[in-house]
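Q: One structure, pasted below without further comment.
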Amino acid sequence: MYTKNATVDTSSTKIINNSTPGMIGSIYNNANAGTSSLTMNDCTISNNRSKSVGGIDNVALGGGDFMLTLNRCTISDNEAGVDGSADGGGLRAYVVGDTVANTGELNLTNCTFSGNTARNKGGAIALLDDNADSNLSVNLINCTIVGNTADSNDVCWHSC
């Protein structure tokens, strides 16, 4: 699923068993000089593989703002970096450093991250914010993070 500067709400969505030689295995929530909001309820994101992010990728750049809300979702057995190094086996949130401020917000409630793998950092979740003027906020409420792996041994990783 690819969203760019859009608002998307889903319920009972299953994105499973996908593989790509490209960058994103399942969901790309892209805020490029705009706003992108993705809300998923009762979802399953499982067994997806790619060169970059296996599960869900969120990116804000060019003055963009993204919001991801997951309620009662299972993110499992996804792999980032099938042929090299990558961050965020289950989920990656990236607020790109450029000349304007970008924002990202993750709201995760009653979600499970299990069995995800990253060939670099953030087996379950990777958070990257490389612009001092940008903001990335994360709210984890009653979530379970278990059995994820990363080659760097960082199951949840934050860089700023």
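So the sequence shown is residues 24 to 183, counted in this note's numbering.
Where is the CB? At the ideal position from N, CA and C, for every residue including glycine.
#1: Taking just the CA atoms, how far does Leu84 sit from Asp153?
#2: Cα separation between Gly77 and Asn139?
#3: Any idea what DSSP makes of Val118, helix, strand or coil?
#4: Hey, Asp110 and Ala141 are a contact pair by Cβ (cut 8 Å); roughly how many whole angstroms apart?
#5: Are Thr132 and Ile164 close, meaning C-beta to C-beta below 8 Å?
#6: Does the beta-carbon of Tyr51 have 16 or more other beta-carbons within 10 angstroms, so that it is buried, or is it exposed?
#7: Enumerate in chain order the residues of its own chain whose CB-to-CB distance from Ser75 is below 7 Å, with the five nearest sequence positions on each side excluded.
#8: Taking all protein chains shown into account, decide if Asn70 is buried (16 or more other Cβ within 10 angstroms of its Cβ) or exposed.
A: Looking at the atomic coordinates:
#1: Each residue's alpha carbon lies about 11 Å from the other.
#2: If you take the alpha carbons of Gly77 and Asn139, they lie about 8 Å apart.
#3: Val118 falls in the strand class under three-state DSSP.
#4: Correct: roughly 6 Å between the Cβ atoms.
#5: Yes.
#6: Around the Cβ of Tyr51, a 10 Å sphere holds 16 or more other Cβ atoms; the residue is buried.
#7: Here Ser75 has Met46, Ile47, Ala103 and Ala109 as same chain residues with Cβ atoms under 7 Å from its own Cβ, once five neighbours each way along the sequence are excluded.
#8: With a 10 Å radius around the Cβ and a threshold of 16 neighbouring Cβ atoms, Asn70 comes out buried.
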